Structure formats: structure tokens, C-alpha cells
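>
Protein chains: 2
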Amino acid sequence: MRREESIKLTRFELEVMQALWEMGVGSVREIQERLPEKRRPAYTTVQTIVRRLEEKGAVRKLKKIGNAFIFEPTVTRKSAHRRLINELLELFGGSARPLMAHLAEIGKLSLEDVRELENILAQQSTADSRKAGSKQKDLSAPRARRQ
Amino acid sequence: MRREESIKLTRFELEVMQALWEMGVGSVREIQERLPEKRRPAYTTVQTIVRRLEEKGAVRKLKKIGNAFIFEPTVTRKSAHRRLINELLELFGGSARPLMAHLAEIGKLSLEDVRELENILAQQSTADSRKAGSKQKDLSAPRARRQ
DNA sequence: GACATCCTATTACATTTGTAGTAGAGTGAG
DNA sequence: CTCACTCTACTACAAATGTAATAGGATGTC
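From first to last, the protein sequence lines stand for chains A and B. Per the working numbering, residue -5 is the first one in the first sequence, and the count goes up by one each step. Per the working numbering, residue -5 is the first one in the second sequence, and the count goes up by one each step.
(1) So, for residue 3 (chain A): in the same chain, excluding its five sequence neighbours on each side, which residues have a beta-carbon less than 7 angstroms away from its beta-carbon?
(2) Quick check on the DSSP output: what are the complete alpha helix (DSSP H) runs of length 4 or more inside the stretch 59 to 104 of chain B, in order along the chain?
(3) Check whether the Cβ atoms of residue 105 (chain A) and residue 112 (chain B) sit closer than 8 angstroms, and answer yes or no.
(4) Is it true that the CB of residue 21 (chain A) sits closer than 8 angstroms to the CB of residue 63 (chain A)?
(5) Can you find the residues in the same chain that come closer than 8 angstroms, C-beta to C-beta, to residue 9 (chain B), ignoring five residues on each side of it along the sequence?
(6) Between the stretch 49 to 82 of chain B and chain A, which residues of the former have CB atoms less than 7 angstroms from a CB of the latter, in chain order?
(7) Select from A:13, A:102, A:32 the residue whose C-alpha is nearest the C-alpha of residue 81 (chain B).
(8) So residue 1 (chain B) and residue 50 (chain B) are in contact, right, with Cβ under 8 angstroms, and what is the actual spacing, rounded?
(9) Alpha helix (DSSP H) containing residue 1 (chain A): first to last residue?
(10) Between the C-alpha atoms of residue 98 (chain A) and residue 60 (chain B), what's the straight-line distance to the nearest angstrom?
(11) Using a Cβ-Cβ distance cut-off of 8 angstroms, determine whether residue 112 (chain A) contacts chain B.
(12) Nearest to residue 85 (chain B) by CA position, among A:77, A:115, A:24, is which residue?
(13) Answer with yes or no whether the minimum CB distance from residue 116 (chain A) to chain B is below 8 angstroms.
(14) Buried or exposed for residue 137 (chain A), please, with buried defined as at least 16 other CB atoms from any protein chain shown within 10 angstroms of its CB.
(15) What does a CB cutoff of less than 6 angstroms around residue 56 (chain B) pick up in its chain, not counting 5 residues either side in sequence?
(16) Taking the beta carbon of residue 117 (chain B) as the centre, do at least 16 other beta carbons fall within 10 Å, making it buried, or is it exposed?
(17) Less than 7 angstroms between C-beta atoms, sequence neighbours within five positions excluded: which residues of the same chain meet that for residue 6 (chain A)?
(18) Compare the beta carbon distance of residue 34 (chain B) and residue 41 (chain B) with 8 angstroms and say whether it is the shorter of the two.
(19) With 9 angstroms as the limit, tell me which residues of the stretch 13 to 25 of chain B have their beta carbon closer than that to any beta carbon of chain A; keep them in chain order.
(20) What residues from chain A crowd round residue 34 (chain B), counting only those whose CB sits closer than 9 angstroms?
(21) To which residues does DSSP link residue 54 (chain A) through a beta bridge?
(22) Step through the CB atoms of chain B and report whether any lies within less than 8 angstroms of the CB of residue 100 (chain A).
(23) Give a yes or no on whether the minimum CB-CB distance between residue 108 (chain A) and chain B is below 8 angstroms.
(24) Within this structure, are the beta carbons of residue 96 (chain A) and residue 114 (chain B) separated by less than 8 angstroms?
(25) Does chain A have any CB closer than 8 angstroms to the CB of residue 29 (chain B)?
(26) Could you check what DSSP says for residue 13 (chain B) in three-state terms: helix, strand or coil?
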């Protein structure tokens, strides 16, 4: 069994996974309909991507409803994101600092962002020092976007 | 003239650019020799990548020494990195917060990192607040910085 | 049970990317 | 000048990726 960390996803594959992660599970049709209407790919295009995702081990057939397969993700959004981040980090020398500095420099990171993050981290570190096993979750939960 | 922000670089192209950015300018030979010895690509492979980079407008011929061209980057490391970061940010909903949270969650970000960053940001914001009252934009404006 | 639908499986093809070979022009050492 | 080298320009080709068409099986609807 391949380690899921080793699965690399292309841009389009990631979009499809994104839809699946949001839905939990879904058919090819449902995935297609969830993709942005602007320049929505053909049904069979989505089908091809889902097939490739299955070959890569990123999704699997969960069951069949009627004559349609229902797919579910077998890699978590988090692990996929982790991979992407790690790749990006490599370009920045492996450490998060230059990346953060860059984020700040190009205006993507506000002082408020950082202060909140600092609080979270501070709490984590005290919590972790007492009980190292507990995974603090949901920091990456989607939140209202502004563009 | 294409806007440099629109230039997308592949993994290998980025490695080559990395070498060029470090050197400032250089020939194909020099670039090749600067690539990591582990699995160093053939000379003509590097040559091909450099040619593609030239077609994309990421480098240009600066001059000729002997019969060899000397290339120089025409996109800055910063702008290339900005593009990569923006692409990654899109996956995280466009905001840096979830990305930061994720970084913290997977242990890539320490409390010290964040505290230092906070200092930097605090200084920037006081400097900027004199000009633009609202959001701290413009951090990406050309601000005499060494490359 | 015949038809219009919807799905799957298979095949196809252009582009991009990684990786390099070859031919021939330019250049420095004798 | 001639030879060995070094470069460039051009060509090649497989794998990955984006994008879809086609053929044919399964299903719901009269």
C-alpha cells in the first residue's frame, strides 16, 4: 500500500478532490456540478480525472447507486495540503520563517492574523507540555473569505 | 509584453532560476554546475530549460562571452515566490490564516517564529500607518530591498 | 419491451514537462 | 591551418496532464 503522503495531485485533480472533500462522498456527476461554472469541464473529463485519482489511490469507489459509482476520498484534505506546503517550504529553504516573512511582505498577513496565531500557539504549547498526545484540531477550518 | 506575474514556472525551471538568482547572471554551463550533484541533468537538458525560460520571458541573454551566452533573470525571485504563494493561498480559500494555522498544526511554525514575525509586522504597520490609514496593503510595493 | 437517458469503460489526442541526442558553428592550442 | 572542444540550434521522445469522444451496458418511463 502506497503511503498517502507520496501521492502527488495535479491542479485539476486537486480541484476535484476539493469538491469531494466538501461533499464527503459523491458521484462523478455531483463532482462535475460542483465545479465552478466558469469553464466547467465535460462530464467525461471529470470522469477521467476521478479514474486517475482512483489509480493514484486518492479516492475509491464506496458503493453503487443505480448504475453510478459513489466515490469517497481516501486522502484527507489535511494530508494533501501538508504535502503542498512542504513542497513550497522546500523552495524557501525548508523553514517556515522566510515563507511567513514573504507572506507579510506581500501583504497577505496582517498583524491581527499573527497575534491570533500567537495566542493559539501559546495555548497549544502549554497544553502539549502537559499532554503530548492530544491533537488540537480545526485550526484549518474554512472561514469566511474576503477577496 | 507579458506581465511577469503571469509566467508560471515548473519545478525544474524553478531550480534553474534558483541557480541564476543566486549567481546573478550565468551561462548554461555555470547553471548546470550549480545544480545539486545528486542526479545532475545533462548539459543539453539544462540548455533546453534555459531556452524555455527565455521563451517564457523569465530570463534573457545579457551578452556573449566567447561563444557562450550569459543569461540573466528577468523575473525576480520575489515575484516568482509571490506567484507560488498566491497559488497555494487559493487552495486555502484566499486567506493566509488557514495556511498559517496549518503550518502551526503540522509543526512547521514555532512560537518563536511567530513572535519574531509579530515584531516585524508591528514595525511595518507603524511605519505604514502614516500613509495609508486603512489596511496595510502596499507591502508589496517596490521598497528598496536587496535581492 | 422500446426509447431516451445516464453511466462506465476504453480510446484518443494536444500540450506541457523532463530529459537528452545530433549537427554544425565558433574558438583556443599548437 | 588543423584538431579537439565547447556552445548553440534543432530535433526527439516518453510521461504526465488536460480535455474529450465513442461504444455499449443499465435504467426509468410509457
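Virtual Cβ for every residue (Gly too), placed ideally from N, Cα, C. Note that the structure is a prediction, hence the values are computed from the model and not measured.
Quick look at the numbers:
(1) Counting only Cβ-Cβ distances below 7 angstroms, and skipping sequence neighbours, we find 11, 52, 74.
(2) Within the stretch 59 to 104 of chain B, the complete alpha helix (DSSP H) runs of at least 4 residues are 71 to 85, 90 to 99.
(3) Result yes, Cβ atoms of residue 105 (chain A) and residue 112 (chain B) sit closer than 8 angstroms.
(4) Yes, the Cβ-Cβ distance between residue 63 (chain A) and residue 21 (chain A) is below 8 angstroms.
(5) Cβ-Cβ distances below 8 angstroms link residue 9 (chain B) to 29 in the same chain, with the five nearest sequence neighbours on each side left out; the list follows chain order.
(6) Here the close residues are 75, 76, 78, 79, 82.
(7) Taking each of A:13, A:102, A:32 in turn and checking the Cα distance to residue 81 (chain B), the smallest one comes out for A:102.
(8) Right, their Cβ atoms sit about 5 angstroms apart.
(9) Membership of residue 1 (chain A) in any alpha helix (DSSP H) is not indicated, and neither H nor E is assigned to it by DSSP.
(10) Those two C-alpha atoms are separated by around 44 angstroms.
(11) Judged by the 8 angstroms Cβ criterion, residue 112 (chain A) is in contact with chain B.
(12) Out of A:77, A:115, A:24, the CA that lies nearest to the CA of residue 85 (chain B) is found in A:77.
(13) Closer than 8 angstroms to some Cβ of chain B, the Cβ of residue 116 (chain A) qualifies, so yes.
(14) Per-residue confidence for residue 137 (chain A) stands at a pLDDT of 32, beneath the threshold of 50, marking its modelled position as unreliable; the derived number appears in the next sentence. Burial state of residue 137 (chain A) is exposed, judged by a 10 Å Cβ sphere holding fewer than 16 other Cβ atoms.
(15) Taking C-beta separations shorter than 6 angstroms and ignoring five residues to either side along the sequence, the partners of residue 56 (chain B) in its chain run 19, 64, 66, following chain order.
(16) Residue 117 (chain B) is classed as exposed because its beta carbon has fewer than 16 other beta carbons within 10 Å across all chains shown.
(17) Excluding positions up to five away in sequence, the list reads 43.
(18) Cβ distance not < 8 angstroms, so residue 34 (chain B) and residue 41 (chain B) don't count as in contact.
(19) Using a CB distance below 9 angstroms, no part of the stretch 13 to 25 of chain B faces chain A.
(20) In chain order: nothing, as chain A lies at least about 18 angstroms away.
(21) BP columns for residue 54 (chain A) point to A:66.
(22) Residue 100 (chain A) counts as touching chain B.
(23) At a cut-off of 8 angstroms, the C-beta of residue 108 (chain A) has a neighbouring C-beta in chain B.
(24) No, these two residues do not count as a Cβ contact at 8 angstroms.
(25) At a cut-off of 8 angstroms between beta carbons, residue 29 (chain B) makes no contact with chain A.
(26) Of the three classes helix, strand and coil, the one that applies to residue 13 (chain B) here is helix, per DSSP.
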